[in-house]
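Worksheet: the structure to be examined is printed underneath.
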Amino acid sequence: TLLNDISGEARDGEILAVLGASGSGKSTLIDALANRIAKGSLKGRVSLNGEAIGSRMLKVISAYVMQDDLLFPMLTVEETLTFAAEFRLPRTLSRTKKKARVQALIDQLGLRNAAKTVIGDEEHRGVSGGERRRVSIGIDIIHDPIILFLDEPTSGLDSTSAYMVVKVLQRIAQSGSVVIMSIHQPGSRIMGLLDRMLFLSRGQTVYSGSPTNLASFLSDFGNPIPENENRTEFALDLIRELEGSAGGTKSLVEFNKTWQNLKNSTRKFDVDEDGNGMSLKEAISASISRGKLVSGATRTTTSGDRRSSSSTNNSLVPTFANPFWIEIGVLSKRSVLNSRRMPELFGVRLGAVMVTGFILATVFMKLDDSPKGVQERLGFFAFALSTIFYTCADALPMFLQERYIFMRETAHNAYRRSSYVLSHALVSLPALVFLSLAFSAITFWAVGLDGGSNGFLFYFLVTLASFWTGTSFVTFISGIVPNVLLGFTVVVAILAYFLLFSGFFITRDRIPTYWIWFHYLSLIKYPYEAVMQNEFRDPTKCFVRGVQIFDNSPLGDFPNSTKVELLQAISNTLGVNITASTCLTTSSDILTQQDITQLSNMAATTPTLGQLFKRFGDISKEFPSGEDTPPHKALDIGSHHIMGEPRPLQFVLSFLNLTYSVRTRRRIRRSTAATEADPVTGESLFSTTKTLLNDISGEARDGEILAILGASGSGKSTLIDALANRIAKGGLKGRVSLNGEAIGSRMLKVISAYVMQDDLLFPMLTVEETLTFAAEFRLPRTLSKTKKKARVHALIDQLGLRNSAKTVIGDEEHRGVSGGERRRVSIGIDIIHDPIILFLDEPTSGLDSTSAYMVVKVLQRIAQSGSVVIMSIHQPGSRITGLLDRMLFLSRGQTVYSGSPTNLASFLSDFGHPIPENENRTEFALDLIRELEGSAGGTKSLVGFNKTWQNLKNSTRKFDFDEDGNGMSLKEAISASILRGKLVSGATTTTTTTSGDDRSSSSTNNSLVPTFANPFWIEVGVLSKRSVLNSRRMPELFGVRLGAVMVTGFILATVFMKLDDSPKGLQERLGFFAFALSTTFYTCADALPMFLQERYIFMRETAHNAYRRSSYVLSHALVSLPALVFLSLAFSAITFWAVGLDGSSNGFLFYFLVNLASFWTGTSFVTFVSGIVPNVLLGFTVVVSILAYFLLFSGFFITRDRIPTYWIWFHYLSLIKYPYEAVMQNEFRD
């Protein structure tokens, strides 16, 4: 049960906030109120002014702002809102009034300074995250809706941006709207903006009422809120605590019902009392009269209308604001404007088409009219047309992005779906014309195709039709698949079968009747047959004369005189005079052999010599003739250190004058109206230097937490990376030292750990197993299994993970631990060896306040065990601030404050900006920094003041280890740390202290630790065990791959069933081998996402020398072998006997081994690609493209002796060439 007996109300002029932990039912409740849940599964009543709301009415008078900001990246803020106004505001409203509405909304949203700035994306700099969120809200309130629903509008924003977003929502509510939103982690200032709150716990209401009444509610429940405590954080903590108890939140749910009854005993949810007696129809009319621009609403209604309430209400508004031709015009204009500002997208696609055209033109250069030339023409047409369709798949991500925008806009009837389809078709046409013209011009004359200018025009039109069909097909797929990954898999698979049934691999007359329907469904069949008709439309053109009939047979090497004698013997048999110059095969014969219906009226109506000669020979591929082919909390594991003992400070990480700059390409603005601070959208060849860190100094000590704060782009993550030695040394200036000594890269890897922002974990391992494997990697072989197990269990307790120790991590498909627990596991993996220094990048990002607090509480315990903890943090609450020891605020790469959280108030007071009473210190500081950044002088005054203030505070203190570290050198401090029980990987306390040793400090320090904790055979064993355990618990992954292989095998077996030994049967054997082996490689691409996921885990673990890279490669090869054997056996068993391949049991064994080698090679190739590409999308594109070229040069489309010398190297690089030649040798070895 996701929702259980939820009741409440929301009024115009107020904000209702729905709160609760992840999974409590917040988003489900919002969806239920917004009529986004199937009515059959939802019970209860939702009404507006006491009347039920029709679905059509709700769509028009309400808006739903999704959690993700789905916007066109290259439109400015003003343009984005203007297009929304064109869609949502009625045609009867003048352009002047629409423009005025947009300008008023920009001011209401606080977006005046960013009005001329593009939205931006990962590749194009644009507005900030908070501004982007406000634009998303603006799009949906352009028509001034009566009800506004928002799902997590502050998610992922810093405290200042989140506050500004809710402040905008407050203004929207005060304009006469009902605002209902879910929110994860509201700060104290946001709380002050809310009017009503509804707390949920596992689908039940635990509190509903005003924020001001929350304190008395909890006090009456027996849990008063401590002084200066954040009310919502305290309430969420209490709810979480009750959820973990035996009785759950049952007592709080019952108390809330009783408390609400007492508070509302004299009040009912009745529209007569709350709505001044107005009906819904009257209220909407009054709202329109006040100026609310409900789309296309009309104020004229017939008083005598006796229709039902819902019908009457619906009559106030039309379904769409504009007629379809206006929708098409606006959609087309928006799409063209966005695309025109991203010429690189078209450039990449044009480049791919031109490269493909160039390769085909140079491979099939000037084909002759010999039998081989004819066959190569067929191969060229098949490969060219299939790659045209495949290149259309590159646009899938863009179509999917637009799909989500389309779904959001059509959900509230912004425009008709038919308008979008027609607009998309029209807008894509010019680009497709250019692509088709480029491809046709490159290939037509270079290959030597027939038909002159008329032939070229027909070829161009067929190419254009193919591009347009392919684009439409990909657009269709993007509308039914949930993500890019599945979309690519579906597109590639379907296009492969389209090619198989196009008529090239097996002609129409040879396709079994039960598969003939797929032949007519094939989108490649029609352009393939069209270009064949165009090429072979002259029925008098001859391609095989006399003795050329023997060219594709072993008789081809015989003397010409012998061939003439054989030809004469055949003539006598047929009773037809055939000479050396007699035409045996014409264009008509080729079309007939390909079973293509001839459209030319000049086609011969009587059998040609070629048709009479059919039983003696056929145009086919070259027959192979046998040529040579080539523990924390001071865990006591053998030590006597006690946690409670006072200990001297022993580690001080100092950084002095850190400066880091990068070269970036300067972007030239397209709009002259943008302000100086606006991001720009154009590009030039000029580059500029961008300073990410500017003269940063500070220190971090063991036993303390140093938190680095600042807005997005301030340099937090860059500083963490600089301290962790994850930045190229050439670009970083300044000094980083530990106890006054420089740290070698190898030493830092072993004594430190870096926790990334993303939780990269194996989903099907339990918490305990995950930490156990980490212990096997990071703890030395000399440590017994008992002590390693004790370390794991102590760490589980320290991380607060005892209750979830036996729970799997989980992923999107498998339920597992919570987000906060997952984050703590990530931390645990990296601190299993008890590092001296711990770096963390945004460890609380995406967590609710309770989970975030628990994570930082764990970090405090880690620091107190003797570690230096340095982390970046986005939006710390007051409780988290209380756990921090040092803070460093950054603004655009410069320090604006460095010191203790307790000194922050006095610092800001001295600067002239005292913190108001009961105000969150960090939120106030971040707001002040943001305000200064937007001013003329920027934060220059604050940066200068900080330097002066720091000098005054530290006038008697220097960054010197002799004072802070009790005179201990780094070597001595590490040795002492090891003696206290810190389990630095493989560390040994025995060091050579010969006075005559002249080695550098860094070298001496490195001698304390080996590079790896274990020998490689142990690493291989542990890696293999982990991989097998994780995979065994996800049998569906292997099941999907096995299913794909078996389906492919079944289709091939039934299509090429029992091939005979005729010339056509021989040709079809070659086609079967080429298609079967290429699909063997293509199916390996399905594992790319899993390899990429493991790639990030591999990078994280090897970055700190958990194991050798060679150990991972060997383990991966060994673990994948059993599954590949099973896949190969299944594919071979399905196809070998069904197709009728030769060789009996020995032939089958050889065929199986070739398939196994192909699967293993394909898997290794995909693994290799996953190691060099940044994401799944690019990985799929690269894999599919390279495998296509491997197939082209395998020897099937064009034989080795016909490949131009400048491309022969690709023939030998082709991974498909070798198994293709192997199965050919096996099939024709007799």
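Going left to right, the sequence shown walks through residues 25 to 1254 as our numbering numbers them.
All residues carry an ideal CB built from backbone N, CA and C; glycine is no exception.
- From the listed residues 1191, 743, 207 and 221, the smallest Cα separation to residue 178 is found for 207.
- For residue 548, the three-state secondary structure derived from DSSP is coil.
- Pairing residue 380 with residue 1182, the inter-Cα distance amounts to about 25 Å.
- With 16 or more other Cβ atoms inside 10 Å of its own Cβ, residue 283 counts as buried.
- For residue 1230, no alpha helix (DSSP H) run applies, since DSSP gives it neither H nor E.
- When the alpha-carbon of residue 1204 is set against those of 244, 133 and 414, the nearest one is in 414.
- With contacts defined as CB atoms closer than 8 Å, residue 975 and residue 922 fail to qualify as a contacting pair.
- It is roughly 7 Å from the alpha-carbon of residue 217 to the alpha-carbon of residue 190.
- Classified as exposed, residue 1133 has fewer than 16 neighbouring CB atoms from the shown chains inside 10 Å of its CB.
- For residue 220, the enclosing beta strand (DSSP E) has its first and last residue at 220 to 225.
- When C-alpha distances from residue 556 are compared across 520, 613 and 572, the shortest belongs to 613.
- Following the DSSP letters along the chain, one finds residue 366 in no beta strand (DSSP E), marked with neither H nor E.
- Pairwise C-beta distances place the stretch 484 to 503 out of contact with the stretch 380 to 395, as fewer than three of them are shorter than 8 Å.
- A contact between stretches requires three or more CB pairs, one per stretch, nearer than 8 Å, and the stretch 759 to 769 fails this requirement with the stretch 799 to 814.
- Under the three-pair Cβ rule at 8 Å, the stretch 806 to 814 does not count as touching the stretch 1151 to 1164.
- Between the stretch 1239 to 1252 and the stretch 1210 to 1222 there are three or more C-beta pairs closer than 8 Å, enough to call the two in contact.
- Burial state of residue 1192 is exposed, judged by a 10 Å Cβ sphere holding fewer than 16 other Cβ atoms.
- Spatial neighbours of residue 145 in its own chain (CB-CB distance under 6 Å, excluding positions within 5 residues in sequence) are listed in chain order as 97.
- Per the C-alpha coordinates, the member of 917, 946 and 918 positioned closest to residue 931 is 946.
- Contact between residue 172 and residue 201 holds, with the beta-carbon distance rounding to 5 Å and staying under 8 Å.
- Of the residues 741, 758, 749 and 744, the one whose Cα lies closest to the Cα of residue 680 is 758.
- In the DSSP assignment, residue 745 falls within the unbroken alpha helix (DSSP H) covering 740 to 747.
- When rounded, the separation of the alpha-carbon atoms in residue 56 and residue 196 is 22 Å.
- By the Cβ criterion, the stretch 75 to 91 is not in contact with the stretch 115 to 127, since fewer than three pairs of Cβ atoms, one from each stretch, lie closer than 8 Å.
- Separation of residue 517 and residue 1211 (C-alpha to C-alpha, rounded to the nearest whole angstrom) is 14 Å.
- In the structure shown, residue 1052 adopts helical secondary structure according to DSSP, grouped into three states.
- With fewer than 16 other CB atoms across the displayed protein chains lying within 10 angstroms of its CB, residue 564 is exposed.
- Taking a contact as a CB-CB distance under 8 Å, the pair residue 741 and residue 854 does not count as one, their CB atoms being some 17 Å apart.
- Distance from the Cα of residue 81 is smallest, within the candidate group 1085, 344 and 1055, for 344.
- A Cβ-Cβ contact shorter than 8 Å links residue 227 with residue 27.
- Contact between residue 255 and residue 238 holds, with the beta-carbon distance rounding to 5 Å and staying under 8 Å.
- In the DSSP secondary-structure assignment, residue 228 is bridged to 225.
- Taking a 10 Å sphere around the C-beta of residue 210, we find 16 or more other C-beta atoms and assign the residue as buried.
- The three-state reading of DSSP puts residue 399 in helix, counting H, G and I together.
- At least 8 Å separates the beta-carbon of residue 733 from that of residue 717.
- One Cα belongs to residue 369, the other to residue 485, and the distance between them is close to 23 Å.
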